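Going down the list, the sequences are from chains V and E.
Everything in the first sequence is counted per full-length UniProt numbering, starting at 1 for the first residue and increasing by one.
Everything in the second sequence is counted per full-length UniProt numbering, starting at 1 for the first residue and increasing by one.
Ideal Cβ positions, reconstructed from N, Cα and C, are used throughout, including at glycine.
Quick caveat, the model's predicted, so the values are computed rather than measured.
See structure below.
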Amino acid sequence: MQNQNDMVKDEAEVAASISALKGEEWGCCSVEDEPSFQEEESAKVPYVGDKEPLSSLSAEYQAGSPILLEKIKILDNQYIAIRRTRGDGNCFFRSFMFSYLEHILESQDRAEVDRIKLNVEKCRKTLQNLGYTDFTFEDFFALFLEQLDDILQGSDESISYEELVNRSRDQSVSDYIVMFFRFVTAGEIRTRAEFFEPFITGLSNATVDQFCKSSVEPMGEESDHIHITALSDALGVAIRVVYLDRSSCDNGSVTVNHHDFVPTGTNEKEEEASAPFITLLYRPGHYDILYPKSSCKVSDNAEK
Amino acid sequence: MADERYNRKNPAVKRILQEVKEMQANPSDDFMSLPLEENIFEWQFAIRGPGDTEFEGGIYHGRIQLPADYPFKPPSFMLLTPNGRFEINTKICLSISNYHPEHWQPSWSVRTALVALIAFMPTSPNGALGSVDYPPEERRTLALKSREAPPKYGSPERQKVIEEIHHYILSKATVVPKPIPQECNQAPSTESETQSQAEPQEATTVVEEQSIATTDTTPDDQIIEEAAEAVNRSASVSPTARALATVEVAARASGSGEQTVVRRAAQKPADDRLFTLAAVGLTIAIVVLLLKKFIRSGGYGAGLMDES
């Protein structure tokens, strides 16, 4: 009985605090134009950094956990370089963007460009079917397609590697492409709501629609397995994520885990034949780009 | 800045021009919005007060500023017509559907924001900054007054846009709100209006004086307030019960105005749904917070709740 009384009291308190909260949400314009401390800090790092040797990673953890140092040593055997991205909540999409475009620039793989363009068209239809107004997303789509065309050599607009880096650091290109990926991701999640729903409920207690509105479409919202799965499926591009965290095996041996996000519809043979050409390094809360050593195709020493 | 303004390759300009085009192609009876010719990032708008509320028939003008990195950052809104729900000449935060402004998304537009603004008019401000909470009678007076002339604001060019918008909305907003009972003559109401825009507290006293004269409206208002309070207090009741209570409040609020029955019948379901959604959303938030609290207090929370 006493318990019940307490509960009622608590509920009243919570209700009061919620209505206060709602009030704040409404009048919170005061902070606008002034960038937060966090924004200022992250602005010192470009959206997409330069290629750095992996030693720069171990330097970061010199005084840190021995497990991490051990793991970096293992990474050093398989990967040749790292490219950092700004920690502004868009790092997964930004890393994916640069990694993908750089791959196309280097490989000049026209078949891949044709393939992804078909997927982009599908995504456009998906958004239209979901009731998105055309003008709210078409600029973002157009800009991404433009980059693909510019990256393929042989036309007047063809761009160099330096230009790709410049564009990736230019907000008016970089943010638009990030937003393009956010649209694609949200479209995929919404159309396959039954598939994604259990993951979303498990993660955030939100509905699919709320999740897309609060965690996918707004810029600066961090990405999770759900985003990666959806983007990989929607565009048909496999992504390998290498995890650098403090976890270790029970028997004390240290291995570096990775997970391949393979788009649905890929058959097993295709999957085995080629490791994903996009490799990202995940450290809790952040994604960067990793470059495998070309000689060893990263032997599968970790579970799928 | 001046260069950017006319640079059509600027993605923000490109997007804004598209929105202008879309607005013109699909005009609405409920609002109108136009950019200034000299600066496409500066818009004027007017919305019609939503039907079956004390704002019905009102024409509320305002100003929109689009940020340089639109649509990544939200537009900001400012109302210019005294309305009794939002402060005037103050930026109001249009978070849209209760999301924090940093959750603004590029898939929204000026149109989305205006629709949301109309939907927000009849909601309770909950003491939020940039909001005021005038009694319905006062709001009705302001709604009536708002039709007479648009506000005087800014440059002659802006004023021309304001007049154009006012003329358009006036042609759409044919329903004239019922004049409040004759006891409320023009003099005190206009006086109270000017005072109240400056100091909300004084407005309340003026309205109290009015309600002594117009006895028939007073009980209604009290009931609404009490009912609203009851809803706030009964936060622990089940979602459906709370939703029902809120809807009831809404019904009374619109009933007290004695407005045209036909229109109410048409508008009602939308209103109800809005209130129900709001109530359900709030309840979910409460439950989540409660759960968190229980789990945090000692880790035995979930089990205990089932037993008690």
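Asked: Starting from residue 70 of chain E, trace the alpha helix (DSSP H) in both directions and tell me its first and last residue.; Found: Careful: residue 70 of chain E lies outside any alpha helix (DSSP H) and carries neither H nor E.
Asked: For residue 125 of chain V, which residues in chain E fall below 7 angstroms Cβ to Cβ?; Found: None at all; the shortest Cβ gap to chain E is about 16 angstroms.
Asked: With C-beta atoms as the reference, is residue 54 of chain E less than 8 angstroms away from residue 158 of chain E?; Found: no
Asked: Step through the CB atoms of chain E and report whether any lies within less than 8 angstroms of the CB of residue 282 of chain V.; Found: no
Asked: Check each candidate in E:27, E:37, E:66 and E:22 and name the one with the smallest Cα separation from residue 47 of chain E.; Found: E:27
Asked: Relative to the alpha-carbon of residue 68 of chain E, which residue among E:42, E:59 and E:56 has its alpha-carbon at the smallest distance?; Found: E:42
Asked: Whole alpha helix (DSSP H) runs in the UniProt domain "UBC core" (11–166) of chain E with 4 or more residues, listed along the chain?; Found: 11–25, 110–120 and 136–148
Asked: So which residues on chain E does residue 88 of chain V lean against when the C-beta distance must stay under 8 angstroms?; Found: By Cβ distance, chain E contributes nothing, its closest Cβ being about 12 angstroms from residue 88 of chain V, past 8 angstroms.
Asked: Residue ranges of each beta strand (DSSP E) run of no fewer than 3 residues wholly in the region 79–131 of chain V, ordered along the chain?; Found: 79–85
Asked: Give me the DSSP bridge partner(s) of residue 292 of chain V.; Found: V:79
Asked: Should the region 230–237 of chain V be called in touch with the region 175–184 of chain V, which here means at least 3 C-beta pairs below 8 angstroms?; Found: yes
Asked: Distance check for residue 258 of chain V and residue 65 of chain V, CA to CA, integer angstroms please.; Found: 20 angstroms
Asked: Give the residues of chain E in contact with residue 132 of chain V, contact being defined as C-beta atoms less than 7 angstroms apart.; Found: 107
Asked: What number of angstroms, rounded off, separates the C-alpha of residue 242 of chain V from the C-alpha of residue 281 of chain V?; Found: 5 angstroms
Asked: Checking the sheet assignment: what are the DSSP bridge partners for residue 53 of chain V?; Found: V:81
Asked: Report yes or no: do three or more beta-carbon pairs, one from the region 158–174 of chain V and one from the region 100–109 of chain V, lie closer than 8 angstroms?; Found: yes
Asked: If you reduce the DSSP assignment to three classes, tell me which class residue 283 of chain V lands in.; Found: strand
Asked: Can you tell me the Cα-Cα spacing of residue 212 of chain V and residue 161 of chain E, whole angstroms?; Found: 37 angstroms
Asked: Name the DSSP bridge partner or partners of residue 242 of chain V?; Found: V:258 and V:281
Asked: Quick one: grab the DSSP three-state call for residue 237 of chain V.; Found: coil
Asked: Compare the beta carbon distance of residue 15 of chain E and residue 71 of chain E with 8 angstroms and say whether it is the shorter of the two.; Found: yes
Asked: With three or more C-beta pairs closer than 8 angstroms as the rule, is the region 215–233 of chain V touching the region 186–202 of chain V?; Found: yes
Asked: Can you name the residues of chain E whose CB is closer than 8 angstroms to the CB of residue 136 of chain V?; Found: 71, 106, 107, 108 and 109
Asked: Alpha carbons only, please: which of V:155, V:58, V:114 and V:173 is nearest the one belonging to residue 82 of chain V?; Found: V:58
Asked: With 9 angstroms as the limit, tell me which residues of the region 174–202 of chain V have their beta carbon closer than that to any beta carbon of chain E; keep them in chain order.; Found: 175, 176, 179, 182, 183 and 186
Asked: Could you have a look at residue 178 of chain V and say whether DSSP puts it in helix, strand or coil?; Found: helix
Asked: Let me see if you follow: with CB-CB separation under 8 angstroms, is residue 209 of chain V close to chain E or not?; Found: no
Asked: Give me the DSSP bridge partner(s) of residue 280 of chain E.; Found: For residue 280 of chain E, which the question treats as bridged, DSSP gives no partner whatsoever.
Asked: Rounded to the nearest angstrom, what separates residue 31 of chain E and residue 278 of chain E at their Cα positions?; Found: 23 angstroms
Asked: Please list, in chain order, the chain V residues whose beta carbon lies closer than 8 angstroms to that of residue 159 of chain E.; Found: Those within 8 angstroms of residue 159 of chain E in chain V number zero; the least Cβ separation is about 26 angstroms.
Asked: Do residue 246 of chain V and residue 260 of chain V have their C-beta atoms closer together than 8 angstroms?; Found: no
Asked: Please report the straight-line C-alpha distance between residue 263 of chain E and residue 152 of chain E, rounded to a whole angstrom.; Found: Because the pLDDT of residue 263 of chain E is 42, which lies under 50, any placement of that residue in the model is unreliable, and the question is left without a value.
Asked: Is it buried or exposed for residue 153 of chain V, if we count other Cβ within 10 angstroms and need 16 for buried?; Found: exposed
Asked: Identify the contact partners of residue 15 of chain E in chain V, using a Cβ-Cβ distance below 8 angstroms as the criterion.; Found: 135 and 139
Asked: Looking only at its chain, what residues have a beta carbon closer than 7 angstroms to the beta carbon of residue 19 of chain E, apart from the 5 residues adjacent to it on each side?; Found: 109 and 110
Asked: With a cut-off of 8 angstroms on the beta carbons, I'd call residue 84 of chain V and residue 47 of chain V a contact; round off their distance for me.; Found: With a Cβ gap of about 10 angstroms, residue 84 of chain V and residue 47 of chain V do not count as contacting.
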